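Undergrad: Just so you know, we're using the UniProt record's numbering here: the sequence shown kicks off at 1 and counts up by one. Below is the structure I would like to discuss, written out as structure tokens.
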Amino acid sequence: MNYWPALSCNLKECQEPLFDYISFLSINGTKTAKVNYEANGWVVHQVSDIWAKTSPDRGEAVWAFWPMGGAWLCTHLWEHFVYSMDTDFLKNKAYPLLEGCVQFLLSWLIKGPGRYLETNPSTSPEHMFIAPDGKQASVSYSTTMDTSIIKEVFSEILSAAELHIFIHSNLCPLCKQILGRTDDELIQKVREAQQQLPPTKISRDGTIMEWALDFIDPDIHHRHLSHLFGVFPGHTITLQKNPDLSKAAENTLTKRGEVGPGWSTMWKAALWARLHRKEEAYRMVKHLFVLVDPAHESEYEGGLYSNLFTSHPPFQIDANFGFSAAIAEMLVQSTVKDLYLLPALPRDKWPNGCVKGLKARGGVTVNVCWKEGDLHEVGLWSTDGNRIQRLHYGGRTVNASLLSCKIYTFDSELRCIRTYSLSQVASC
Numbered sequence: 001m002n003y004w005p006a007l008s009c010n011l012k013e014c015q016e017p018l019f020d021y022i023s024f025l026s027i028n029g030t031k032t033a034k035v036n037y038e039a040n041g042w043v044v045h046q047v048s049d050i051w052a053k054t055s056p057d058r059g060e061a062v063w064a065f066w067p068m069g070g071a072w073l074c075t076h077l078w079e080h081f082v083y084s085m086d087t088d089f090l091k092n093k094a095y096p097l098l099e100g101c102v103q104f105l106l107s108w109l110i111k112g113p114g115r116y117l118e119t120n121p122s123t124s125p126e127h128m129f130i131a132p133d134g135k136q137a138s139v140s141y142s143t144t145m146d147t148s149i150i151k152e153v154f155s156e157i158l159s160a161a162e163l164h165i166f167i168h169s170n171l172c173p174l175c176k177q178i179l180g181r182t183d184d185e186l187i188q189k190v191r192e193a194q195q196q197l198p199p200t201k202i203s204r205d206g207t208i209m210e211w212a213l214d215f216i217d218p219d220i221h222h223r224h225l226s227h228l229f230g231v232f233p234g235h236t237i238t239l240q241k242n243p244d245l246s247k248a249a250e251n252t253l254t255k256r257g258e259v260g261p262g263w264s265t266m267w268k269a270a271l272w273a274r275l276h277r278k279e280e281a282y283r284m285v286k287h288l289f290v291l292v293d294p295a296h297e298s299e300y301e302g303g304l305y306s307n308l309f310t311s312h313p314p315f316q317i318d319a320n321f322g323f324s325a326a327i328a329e330m331l332v333q334s335t336v337k338d339l340y341l342l343p344a345l346p347r348d349k350w351p352n353g354c355v356k357g358l359k360a361r362g363g364v365t366v367n368v369c370w371k372e373g374d375l376h377e378v379g380l381w382s383t384d385g386n387r388i389q390r391l392h393y394g395g396r397t398v399n400a401s402l403l404s405c406k407i408y409t410f411d412s413e414l415r416c417i418r419t420y421s422l423s424q425v426a427s428c
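Okay, here's the thing in structure tokens:
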């Protein structure tokens, strides 16, 4: 969560230490994968430190065992590429790490009794379920978070291997393959395994199932939202492609409730924003602005200290960064090809405003202004190749093609009203 705002808030350079750290983790993680599991590739569990610890932690499995830490970290690598379109980063840093991570995931997956590849053992971080014998348990197989992250990483390495960049030229558009890895044996294995991953399922009460079986949840207001990873920060559940699962995600958030520690409420804000539920997202943001008395902090869940540090309690910085990411998500959302403007703007609460310099996937910088709750004007530009094809606002969709090093201004009807050169930027 600490790195969630780095890309959408146009601070990609702040991620560089994270990528160096992931590289260190992959070295130790290769040893852990081999020693602990006789597996290929590299693995990281849920707890690490300045010495790049990658092994499971001590204690009960509910918080001590979760071998998907490296895979989650690898999603940051791909996101960095799709926001920056930095092909050197993709070739030299991201792809080698993704390869090692995927090698472990392929080793970790096993054939279940049905037709699916399963993760086993598997936990949903820090959460329990009621086992068939009536006792609380934490270890099962193929938790939704496991499979969501694996789907994300498989999709990312396939996209990277198959990636083509279109280069605009005065003579003709050129298509350049970046990695040329589509026929690699590893990529073939990923394609085969991807088709055998368990689907995300909906439980009897209409929520996203957290475990492979529809277990009873002994703590329906639990702070973790692990089974919603596919909604945010992942992309395997979207309003456009998965309306049924999106509705189940809304039901899940409603069931979880609004109260929780700071980082949890900000994850909920981002989730509601991704689902285009503006009022719910705004309510979660408001939950953060409760002044916490440090002398009685145990009486609070979430909130702010007087120095604006966020409370778990005690102080935990995740919510500070999660807040920034959630606000950005309320104002601009994107895929590499689609840009959504003001998707979760609480128009009655923030009737007028302007934000400049947000970043969208595809390497597009966004300035957006609104008046009386409606879009007024948006400016878009990129200095590298982008693949934006469509702009979306308020049910309206228009096709768009943005040339690099040009600034485009669109009005409230998404009509392009101005275009001019970005020649003052050195890279142009």
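Virtual Cβ for every residue (Gly too), placed ideally from N, Cα, C. As the structure is a computational prediction, the values presented were derived from the model and not from experiment.
Taking the beta strand (DSSP E) that Tyr300 belongs to, which residues open and close that run?
TA: Within the sequence shown, residue 300 is the residue found at index 300, counting from 1. It is not in any beta strand (DSSP E) - Tyr300 carries neither H nor E in the DSSP assignment.
Undergrad: Which class does Asp133 belong to by DSSP, given the choice of helix, strand or coil?
TA: Reading the sequence shown from its first residue, position 133 is the one you call residue 133. Looking at Asp133 - three-state DSSP - the assignment turns out to be coil, as it is neither helix nor strand.
Undergrad: Need the endpoints of the beta strand (DSSP E) that Ala281 sits in, please.
TA: Taking the first residue of the sequence shown as position 1, residue 281 is located at position 281. Segment 278–288 is the alpha helix (DSSP H) holding Ala281; no beta strand (DSSP E) there.
Undergrad: Provide the residue span of the beta strand (DSSP E) that contains Cys74, from first to last.
TA: In the sequence shown, residue 74 corresponds to position 74, counting from 1. Note, Cys74: premise wrong, no beta strand (DSSP E); alpha helix (DSSP H) at 69–84.
Undergrad: Under 8 Å: do the stretch 144–152 and the stretch 234–253 share three or more Cβ pairs, one atom per stretch?
TA: A contact exists between the stretch 144–152 and the stretch 234–253.
Undergrad: For Gln15, name the three-state secondary structure that DSSP assigns.
TA: To locate residue 15, count along the sequence shown from 1; it is residue 15. Helix, per DSSP.
Undergrad: How would you call Ile388, buried or exposed, if buried means at least 16 neighbouring beta carbons within 10 angstroms?
TA: Here residue 388 corresponds to residue number 388 of the sequence shown, with the count starting at 1. Per the 10 Å Cβ criterion, buried.
Undergrad: Among Pro343, Pro218, Tyr305, Gly394, which one has its Cα closest to the Cα of Arg277?
TA: For the purposes of this step, residue 277 is identified with residue 277 of the sequence shown, where counting begins at 1. With distances taken between Cα atoms, Arg277 lies closest to Pro343.
Undergrad: Who pairs with Arg392 in a beta bridge, going by DSSP?
TA: The count along the sequence shown starts at 1 and reaches residue 392 at position 392. In the sequence under discussion, the amino acid at residue 392 is His, which differs from the Arg named in the question. Tyr340, Thr397, per the DSSP bridge assignment.
Undergrad: Cα separation between Leu253 and Trp78?
TA: Against the sequence shown, residue 253 aligns to sequence position 253. Against the sequence shown, residue 78 aligns to sequence position 78. Approximately 27 Å between the Cα atoms of the pair.
Undergrad: Contact defined as beta carbons within less than 8 Å: I believe Ile27 pairs with Leu98. What is the distance between those atoms, to the nearest angstrom?
TA: In the sequence shown, the residue the question calls residue 27 occupies position 27. In the sequence shown, the residue the question calls residue 98 occupies position 98. In fact, because the Cβ distance is near 16 Å, the residues do not count as touching under 8 Å.
Undergrad: Alpha carbon to alpha carbon, how far is Leu18 from His80?
TA: Residue 18 sits at position 18 when you count from the first residue of the sequence shown. Residue 80 sits at position 80 when you count from the first residue of the sequence shown. Straight-line Cα distance between these residues: approximately 11 Å.
Undergrad: Should Cys101 be labelled buried (16 or more other beta-carbon atoms within 10 Å of its own) or exposed?
TA: The sequence position of residue 101 within the sequence shown is 101, counting from 1. Result: buried.
Undergrad: Would you kindly work out how many angstroms separate the C-alpha atoms of Pro199 and Pro294, rounded to a whole number?
TA: Your numbering for residue 199 matches position 199 in the sequence shown. Your numbering for residue 294 matches position 294 in the sequence shown. For Pro199 and Pro294, the distance between alpha carbons rounds to 45 Å.
Undergrad: Going by CA-CA distance only, name the one from Tyr141, Leu391, Pro346 that's closest to Ile327.
TA: By one-based count along the sequence shown, residue 327 stands at place 327. Of the listed residues, the one whose Cα sits closest to Ile327 is Pro346.
Undergrad: With which residues is Lys359 paired in a DSSP beta bridge?
TA: Working through the sequence shown from its first residue, we reach residue 359 at position 359. According to DSSP, Lys359 bridges with Thr365.
Undergrad: Kindly indicate which three-state DSSP category His376 falls into: helix, strand or coil?
TA: Position 376 of the sequence shown, counted from the start, is the residue given in the question as residue 376. Reduced to three states, the DSSP call for His376 is strand.
Undergrad: By the 10 Å Cβ neighbour count, where 16 or more other Cβ atoms means buried, how is Val35 classified, buried or exposed?
TA: Stepping through the sequence shown from its first residue, residue 35 is reached at position 35. Exposed, because fewer than 16 other Cβ atoms sit within 10 Å of the Cβ of Val35.
Undergrad: Across the stretch 106–114 and the stretch 123–138, are there enough close Cβ pairs to call them in contact, namely three or more that are closer than 8 Å?
TA: Not touching, per the Cβ criterion.
Undergrad: Would you be able to state if there are at least three C-beta pairs under 8 Å between the stretch 53–65 and the stretch 87–94?
TA: Output reads no: the stretch 53–65 does not touch the stretch 87–94.
Undergrad: Quickly, what does DSSP pair Thr30 with across the bridge? List them, please.
TA: In the sequence shown, counting from the first residue as 1, residue 30 sits at position 30. Paired residue(s): none; Thr30 is not in a bridge.
Undergrad: Based on Cα-Cα distance, which residue from Glu377, Pro313, Tyr83 lies nearest to Val290?
TA: Sequence index remark: in the sequence shown, residue 290 carries index 290 (1-based). The candidate whose alpha carbon is nearest that of Val290 is Pro313.
Undergrad: Can you list, in chain order, the residues of its chain whose CB lies under 8 Å from that of Pro261, leaving out five sequence neighbours each side?
TA: As a working note, residue 261 is residue 261 in the sequence shown. Arg223, Glu301, Gly302, Ser311, His312, Pro313, Gln316, Ala319, listed in sequence order.
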